[in-house]
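In the numbering used here, the protein residues as written are 6 to 419.
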Ligand code: AMP
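Below, the structure written as structure tokens:
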């Protein structure tokens, strides 16, 4: 038997209902905020992620699925959505009409060590807002995200925000962090040793070393922000306050991707093994680093799989079921039933019948398996009289309804 690849999973049964529900809710919220759907290829030139996501991020250095295609070109199966969308924005000159508000949903691939909440095929829901450096744009993205979480019923999510300043600020901060951590770097994990000179900010959110007193007492980026960056961060906080969005400032928050500047944020949950369900921030230099024009940008990505984990953890019911409206049973009247099913479907009902020649008992069983709300039983008499027996499958009450009145009856009762 061929088995699925480690770190991937199949979506079916009640899980598939959750997936469809979350996607449609995300779509609704995004459209409500006037974002349009974008879909970019799963595969891109490897160079895009090296230049876009950055040479020092774990995603690019250790986790990409790379392959050489039959034409000898280096390709990568996308590990995240932002770089591909940036490429599409440049290539299709979408930046000529700004602002540009986009949302996406889809699979990403990262060669990580699989465990609960960490997959090799992970799904993300995200948005990108191009063309505004106004703090209102930063706040809008967080507002969209928290609106979505609220509608899903995820109440315990904490929004953590931080500012990592611009390039100059980070340069100075980086130098000081290298000095600060150099003294005792031998006591740190192998990854942190490597991070020290490449990307010392990442030591601050290292899963292994983050609890060290020395890490907790490390210099804070917020003390390095220049006046303009400080003011910008304050403005964002003010907008969030006005929107009544609760947040925590976390000066250790740096995020894993290299392209962020100024605002970074993360959505964390108190549930064991789940941790962060999403994050984002501002990346004003991304487009220009990919040979595009200077266009400011801000956005986030949610980890779809982890949102599903939280729904399961909280045992939250979703308002989507696989119950069918009507199941049509027949005694030797297959074709007649088939036509009736079709008419009901044309009228928008979720309807089914037996298509494997089962006897009556088996048809009743199948109706229960599909959780049919109503049963319509078609026998010789019903075909002749064109009057059907409609049974409420819950109360078992039956009523005779003529063919002409059937749709009206269902419209009223369903
Ligand atoms: P990132 O693109 O790394 O900023 O991640 C955004 C969100 O995607 C995270 O907050 C997680 O919820 C989710 N995520 C990242 N990596 C994985 C993974 N390997 N498996 C499942 N979810 C992930």
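We treat Cβ as the ideally placed atom computed from N, Cα and C, and that holds for glycine.
Rounded C-alpha distance that separates residue i from residue j
i	j	result
residue 43	residue 27	17 Å
residue 251	residue 162	10 Å
residue 3	residue 45	Because residue 3 is not part of the residues shown, which for the chain are 6 to 419, the question remains open.
residue 355	residue 23	19 Å
residue 303	residue 255	19 Å
residue 79	residue 70	11 Å
residue 416	residue 374	23 Å
residue 140	residue 33	24 Å
residue 230	residue 244	19 Å
residue 181	residue 291	25 Å
residue 21	residue 15	9 Å
residue 64	residue 87	13 Å
residue 420	residue 372	Here the chain comprises residues numbered 6 to 419, so residue 420 is not present and cannot be evaluated.
Where the alpha helix (DSSP H) through residue i begins and ends
i	result
residue 365	365-374
residue 130	Unbroken run through residue 130 is the beta strand (DSSP E), 126-135; no alpha helix (DSSP H).
residue 123	No alpha helix (DSSP H) holds residue 123; DSSP gives it neither H nor E.
residue 38	No alpha helix (DSSP H) holds residue 38; DSSP gives it neither H nor E.
residue 257	Element bounds for residue 257: n/a, residue is neither H nor E.
residue 247	232-247
residue 147	140-157
residue 172	172-187
residue 66	63-67
residue 271	Here residue 271 belongs to no alpha helix (DSSP H); instead the beta strand (DSSP E) covers 268-273.
Local Cβ density within 10 Å of residue i, reported as buried at 16 or more and exposed below that
i	result
residue 52	exposed
residue 151	buried
residue 92	buried
residue 301	buried
residue 287	buried
residue 269	buried
residue 40	buried
residue 378	buried
residue 410	exposed
Beta carbon of residue i nearer than 9 Å to that of residue j
i	j	result
residue 357	residue 333	yes
residue 130	residue 272	no
residue 133	residue 94	yes
residue 215	residue 206	no
residue 126	residue 110	no
residue 285	residue 309	no
residue 376	residue 328	yes
residue 121	residue 314	yes
residue 159	residue 419	no
residue 349	residue 157	no
Boundaries of the beta strand (DSSP E) in which residue i is found, first to last residue
i	result
residue 80	79-82
residue 87	That residue, residue 87, is in no beta strand (DSSP E); its alpha helix (DSSP H) goes 87-96.
residue 306	302-308
residue 57	No beta strand (DSSP E) holds residue 57; the alpha helix (DSSP H) holding it covers 51-57.
residue 331	331-335
residue 167	163-168
residue 291	Not the beta strand (DSSP E): residue 291 falls in the alpha helix (DSSP H), residues 291-294.
Residue i: CB within 8 Å of a non-hydrogen atom of the ligand AMP
i	result
residue 308	yes
residue 358	no
residue 113	yes
residue 27	no
residue 50	no
residue 129	yes
residue 238	no
residue 271	yes
residue 297	no
residue 260	yes
residue 124	yes
residue 10	no
residue 85	yes
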